[in-house]
Structure formats: C-alpha cells, structure tokens
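Asker:
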Amino acid sequence: MRNEGTIDPGASGQALYPVLAASLSRTFAELIIFGYIPLHLYTGGERRILQLALITAVPALVRFAAANVWGAVADVTGRLKLTLLVGLLGYGAAAVGLLFASTGVHAMIVVSMAAALFASLSPAGKALVSLRPGPAGTPGRALAWWLQLESWGWMLGSLAVAIRERLGASPGSLLVAAAGLALLQALWVAWRVPELLRRPAREEPAPAGERTLRAAGVSQAIAGRFAELRDEWRRLYGDRVLALLFGVFGLAVLAGEASFTVFGFYVVGTLGGTESLYGATLTLATALGLVAYAWLTANSRRASPGNLMLTAGAPYIAMYVLMAAAPNALVAAVAFALPLYALIRAGATWAAESLTHASERGGGMGALDGMEAFSLALGAVMAGSVGDQLGLRAVYATCAGVALLLSLLAWKLKARLTRPQASPVAAKA
445 MRNEGTIDPG ASGQALYPVL AASLSRTFAE LIIFGYIPLH LYTGGERRIL
495 QLALITAVPA LVRFAAANVW GAVADVTGRL KLTLLVGLLG YGAAAVGLLF
545 ASTGVHAMIV VSMAAALFAS LSPAGKALVS LRPGPAGTPG RALAWWLQLE
595 SWGWMLGSLA VAIRERLGAS PGSLLVAAAG LALLQALWVA WRVPELLRRP
645 AREEPAPAGE RTLRAAGVSQ AIAGRFAELR DEWRRLYGDR VLALLFGVFG
695 LAVLAGEASF TVFGFYVVGT LGGTESLYGA TLTLATALGL VAYAWLTANS
745 RRASPGNLML TAGAPYIAMY VLMAAAPNAL VAAVAFALPL YALIRAGATW
795 AAESLTHASE RGGGMGALDG MEAFSLALGA VMAGSVGDQL GLRAVYATCA
845 GVALLLSLLA WKLKARLTRP QASPVAAKA
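Numbering follows the numbering used here, with no gaps: position 64 of the sequence shown is 508.
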C-alpha cells in the first residue's frame, strides 16, 4: 500500500511568507522582462514589431509545456521547495541574460531558454501555500494572498519603469534589480522553507532490489500522471459549456496581450509619449485592478460569472476603439488603465469552479491557465504581424473586433450558465 505521509510538523507557519514573496518577485521580474525590455529595444532602434512580440510569444509556449512537466514532477517527488528555487533562479538567469541582448531575436532566445526553468515557480508556489497556509488560516485565503502579491509585483515593476528615467538610471539597472530580487528571494526560500512539504512515514531501509523497483515506479508514476492529464484535458475541453468559457476567456487574453505587447511602442513611438508615462499607466492599471479584485471579493455572492463577463464585453469594444483613434498619448493611457480584465478573469475563474466537480477542480483551473498561456502567444504574434503590416493603430482596431466576438460569445455563455444543470464535467466523471 502506498504511504502518503504526513504534513511535516516542523515546518513553521513563518515559511509561508518567503513563498508568498516569491509571487511578488516573479511578477516584478516579468514586468521588466515582458513589459520594459521590448520597449527598450524598440527605442534603441529595433523596429520589427513581430520580432519584439516573439519575446512574449515563444516563451509563453515554452511555459505552457514546461509548467505541466514541472507540476507533474513536483507532485511525484514532493520536491516543492526545489521546484520553487528552480523557478526563482530561472527568472534571475533571464534578467542577467537580457543584459547582453541587443536584438529582438537575442532577447527571445534568452527568455525562451529561461522559461523552461521559471515556468516551475507558479505551480510550486501555489501548491506550497495551499498545502501549508500557516498564518493565512485556509488554503483559499493563502491563494488569495498569492494573487494579490502578483498584482503588487506588477505594480512595483511598473513604478520602477516609471521612475527610472527621472532618476537617470540605466535601462540595465532594472534587469539588475530583477535579478537581485530573485536571488535574494531564492536565499530566503532556501533558508526558511522546509525541503519537503510532505514527510513520508518512517520505514525500514528497503532491499536493493526493492529500491530499484521503486525507482522504476517513479518513472511509471510520472508516465501515469501524464496519462491522467491527457484524459482530464479530453473531458474538460470536450464539454461544450466549458469550451465556450475557455473561448471567451481566451479571446479576452488574446486581445489584452495584443494591446499590451504594442502599448509601449504606441505611446512612445506613434503618440509621442514618454517612458515615464508608460510606466505610470501600467502602475495605475495595476492599482485599479487591485481595487476591482477587492470589490469583486467583497461582492462575490452578488456578482454572477456570466454577468461579469458580459458586462466587460461592450466596454472592451469601446476601449479598443478609443485607443485606435486616440489623438494623443494621454487618451490612450486613460483607456488602457480601465480594469476591465479583472471582471473577465474573476468571472471565468468562478465559472470554472461552478462547472467542475471537486475532483476536476485543479484540471479546470489548469485548463484556464493553459488557455491563458496559449492566448498570450497568439495575441503577441497577432500584434506583431498586424503592427508590421498595417501600423499600430490597426492592432487596436483588430482588438476591437476580437472584443465584439468576445461579447457575442459571452452573451451565449451567460444563457448557458443560467440554465439549471448539473456540473457537466462532474456528470462525466
């Protein structure tokens, strides 16, 4: 019989804090890597929008695959701390490598290689805080803290971009800050977080032959894990209501990423804004997102998932139309800062929760994450292709078209969600 072991009682509740802080370190580094470096290369003379967009697109595909691998390995081995450290060091490696990148292709290669490592951070971190919530009290609250710190990391990174120019610091200083923060975070995790979250019960040393069989069993367990993932994906994506939900969410991410990919080029290049305005806009957008998430959390019982996604659809269209026709950088900045994505993300997350059985909940949330990564790649490529061929204003006009399709599908999804029905995936389980 397999022994599942127990939660290590020696693992102090204080270990929650360095794990949570890894969430902030991650998004701070991502803002610098994906939000600032393409703009820095653009102002430095790299005007091929598609190549700059690939800095986001290719690593997103790598992350989509690598996150599933790291998640399975962490589940099988229990080495959650080690997996988290790999992710932190991956972000540090990406930041250091980008110090020597001078073109979009160079940056894409550096970030894609590092993505195979830093894709491990989010799965390991979320697993650690949910299994050992410590002072948070419950797994749900610990995960809520994790998500809030993600937003704080984005906001601090945006603020660093906004003030760099005013302080007269070099662009490389942002990468040094990201690498240094990741390294300090890794040292904190190594010092304070227990090596294993789950401690197996003590057993007598097994004979050599049995140890060999156990080693082979680990490989079989990993293969079995991937077989389970394949079967779960087939059930999730085969359900019509969930597929519709993934479609609405995917379109929102696609349009949002296309908008974000070229926003810096649009504000600074086309509309004549400054890097400080760009950074300040990202800071404001993140801050408003935090406010929106707080309001949604307080009103979660009154806000239905279908209404949230439908309510965000029409303003999305207006927002992108306004950005496409913006007469100056300030108008585009105000439109970009509207926290509409928070409504879509919260609605999609709550809908996935209501449509999946408890035994499929992780798969449902994982499918949302997978759709997000895939749509990030598509959105970045779309922005680069349209921007190169038709100009940056055309990118936002295209986003408005995507938002129109999103609204139509959201209307259909709302009707399906309001019908009394059992959880589709649960019925198939």
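Glycine included, every Cβ here is placed at the ideal spot set by N, Cα and C. These numbers come from a predicted model, not from an experiment.
What number of angstroms, rounded off, separates the C-alpha of Leu880 from the C-alpha of Trp598?
Answerer: Lying outside 445 to 873, the shown extent of the chain, residue 880 is not represented and no answer is given.
Asker: Sorted by chain position, which residues of the same chain lie with C-beta nearer than 7 Å to Phe693's C-beta, five sequence neighbours on each side aside?
Answerer: The residues are Ile788, Ala792, Leu812, Met815.
Asker: Does the beta-carbon of Pro579 have 16 or more other beta-carbons within 10 angstroms, so that it is buried, or is it exposed?
Answerer: Counting Cβ neighbours within 10 Å, Pro579 comes out exposed, since fewer than 16 surround it.
Asker: How is the alpha helix (DSSP H) around Ile477 delimited, first residue to last?
Answerer: Per DSSP, Ile477 belongs to no alpha helix (DSSP H) and is neither H nor E.
Asker: By how many angstroms is the C-alpha of Gly581 removed from the C-alpha of Ala776?
Answerer: 42 Å
Asker: Got a sec? Which residues, its chain only, sit under 7 Å from Gly691 by beta carbon, not counting five neighbours each side?
Answerer: Leu853
Asker: Tell me the rounded alpha-carbon separation between Leu861 and Gly717.
Answerer: 43 Å
Asker: Between the beta-carbon of Ala874 and the beta-carbon of Trp632, is there less than 8 Å?
Answerer: Residue 874 is absent from the structure shown; the chain starts at 445 and stops at 873.
Asker: Using 10 angstroms around the beta-carbon of Gln495, count the other beta-carbons present and answer buried if the total reaches 16, otherwise exposed.
Answerer: buried
Asker: Counting pairs of Cβ atoms below 8 Å between the region 494-511 and the region 618-631, do you hit three or more?
Answerer: no
Asker: Do you know offhand how far Glu448's Cα is from Pro583's?
Answerer: With a pLDDT of 41 at Glu448, under the threshold of 50, the modelled position of that residue is not reliable, and no figure is offered here.
Asker: If you run the structure through DSSP and keep just helix, strand and coil, what is Leu505?
Answerer: helix
Asker: Whose C-alpha, out of Leu468, Met826, Tyr840, is nearest the C-alpha of Met602?
Answerer: Residue identity check: residue 602 is Ser in the sequence provided, not Met. Here the closest residue by C-alpha is Leu468.
Asker: Going by DSSP in three states, Gly522 sits in which element: helix, strand or coil?
Answerer: Here Gly522 sits in coil by DSSP.
Asker: In this structure, does DSSP put Leu657 in helix, strand or coil?
Answerer: Low local confidence applies: a pLDDT of 47 at Leu657 is under 50, so the model's placement there is unreliable, with the coordinate-based value given in what follows. Leu657: helix per DSSP, three-state reduction.
Asker: Between which residues of its own chain and Trp589 is the CB-CB distance below 7 Å, once the five residues before and five after are set aside?
Answerer: Leu464, Ala580
Asker: Using CA coordinates, which residue listed in Gly835, Tyr785, Ser819, Ala537 is at the minimum distance from Leu715?
Answerer: Residue Gly835 is the option with its Cα nearest to Leu715.
Asker: DSSP three-state label for Thr547, please.
Answerer: coil
Asker: Just the Cα atoms here: how many angstroms apart are Arg642 and Ser566?
Answerer: Because Arg642 sits at a pLDDT of 45, beneath the cut-off of 50, its placement in the model cannot be relied upon, and the point is left open.
Asker: Classify Arg492 as helix, strand or coil using the three-state DSSP reduction.
Answerer: In the three-state reduction of the DSSP assignment, Arg492 falls in the coil class, being assigned neither a helical nor a strand state.
Asker: What is the DSSP secondary structure of Ala459, reduced to helix, strand or coil?
Answerer: helix
Asker: Looking at Gly823 and Val711, is the spacing between their C-beta atoms short of 8 Å?
Answerer: no
Asker: Of the residues Gly713, Leu689, Thr547, Val637, which one's Cα is nearest the Cα of Asn874?
Answerer: Any question about residue 874 goes unanswered here, given that the chain covers just 445 to 873.
Asker: Could you pull out every residue in the same chain whose Cβ sits closer than 7 Å to the Cβ of Ala560, ignoring the five residues on either side in sequence?
Answerer: Val506, Ala510
Asker: Which residue wins for smallest C-alpha separation from Gly431, given the options Ala621, Ala466, Leu572?
Answerer: What the structure shows of the chain is the stretch from 445 to 873, and residue 431 is not part of that stretch, so it cannot be assessed.
Asker: What is the rounded straight-line gap between the Cα of Arg585 and the Cα of Ser595?
Answerer: 16 Å
Asker: Could you check the C-alpha separation between Leu526 and Gly569 for me, to the nearest Å?
Answerer: 11 Å
Asker: Residues in the same chain with beta-carbon distance under 6 Å from Gly828, minus the five sequence neighbours each way, listed in chain order, please.
Answerer: Ile493, Leu494, Ala497
Asker: With 16 other CB atoms within 10 Å as the buried threshold, where does Ser617 fall?
Answerer: Ser617 is exposed by the Cβ-count criterion.
Asker: Beta-carbon within less than 6 Å of Leu657's beta-carbon, same chain only, minus the 5 sequence neighbours each way: which residues are those?
Answerer: A caution first: Leu657 carries a pLDDT of 47, below 50, which makes its placement in the model unreliable, though a value can still be read off. Cβ neighbours of Leu657 beyond the five flanking positions: none.
Asker: Classify Val637 as helix, strand or coil using the three-state DSSP reduction.
Answerer: coil
Asker: Just how far apart, CA to CA, sit Ala537 and Thr471?
Answerer: Roughly 15 Å separates the two Cα atoms.
Asker: Using a threshold of 8 Å, state whether the C-beta atoms of Ala847 and Tyr785 are closer than that.
Answerer: no
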